[in-house]
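**Q** To convert a position in the sequence shown, counted from 1, into my numbering, add 9.
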Amino acid sequence: MKLLLALIFILMYMECQGHRSHRCKDPSEEHMRTKLLRLAPDALIYTSPDVVADIKMKKCPSSINVSSELMQDRSISPWSYRINEDLNRYPQRIVEAYCLCKGCVLSKTNSMVSVPFYKEVPVLYKSSKCKKSRFIYKLRHIRIAQFCICRFP
């Protein structure tokens, strides 16, 4: 009998915990944007219109595309963009650069390598805690590749 009562108590507790987490919701987009800009005024939430993520990964070009309007195509260390997605972060989707070549396009030897240039960017990460029926988000900084450069190994 005691075992049965203990089991019922445990099941009721688990049910109660489940309902508590369902009541907690994500804050609105506007609230998240305001909070991020308040905590990190220099945060770049929006990307420029010419930064578009690839649908398919691009390959290393054999030469520089000098007629392109895009800087990443005219570089000796060309790059493109992909989406860095994390559903527990705001913003959930961040455009991130990736290098198209191992080496540098104009280098006749393998004396130089193409590497990403990283920048620390502020983001908000969801915690498991809830306040006023909303998840609490905490400020963190993550490294995001901005573009690629050529350098000696």
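By construction, the Cβ of each residue, glycine as well, lies at the ideal position given by its N, Cα and C atoms. This one's a predicted model, so the numbers in the text were calculated from it and none came from an experiment.
(1) So, with DSSP's three-state summary, where would you put Q81?
(2) Would C157 and V104 qualify as a contact pair, given that the criterion is a beta-carbon distance under 8 Å?
(3) Alpha carbons only, please: which of D51, P50, L79 is nearest the one belonging to V60?
(4) Give me, in chain order, the residues of the same chain whose beta-carbon lies closer than 7 Å to that of K68; leave out the 5 immediate sequence neighbours on both sides.
(5) Go through its chain and collect everything with a Cβ distance to S136's Cβ below 8 Å, but skip five positions before and after it.
(6) Would you report the Cα separation of R47 and S120, rounded to the nearest angstrom?
(7) Check whether the Cβ atoms of A106 and A154 sit closer than 8 Å, and answer yes or no.
(8) Consider the Cβ of R149: report whether some Cβ of chain B lies at a distance smaller than 8 Å.
(9) Considering only their Cβ atoms, is the gap separating P162 from H150 smaller than 8 Å?
**A** On the basis of the data shown:
(1) Three-state result, Q81: helix.
(2) No. Outside cutoff.
(3) It is L79.
(4) L109, listed in sequence order.
(5) Cβ within range, chain order: F144, I145, Y146, K147.
(6) When rounded, the distance between both Cα atoms is 45 Å.
(7) Cβ distance < 8 Å, so A106 and A154 count as in contact.
(8) The chain labelled as chain B is not found in the depicted structure, where only one protein chain is given.
(9) With contacts defined as CB atoms closer than 8 Å, H150 and P162 fail to qualify as a contacting pair.
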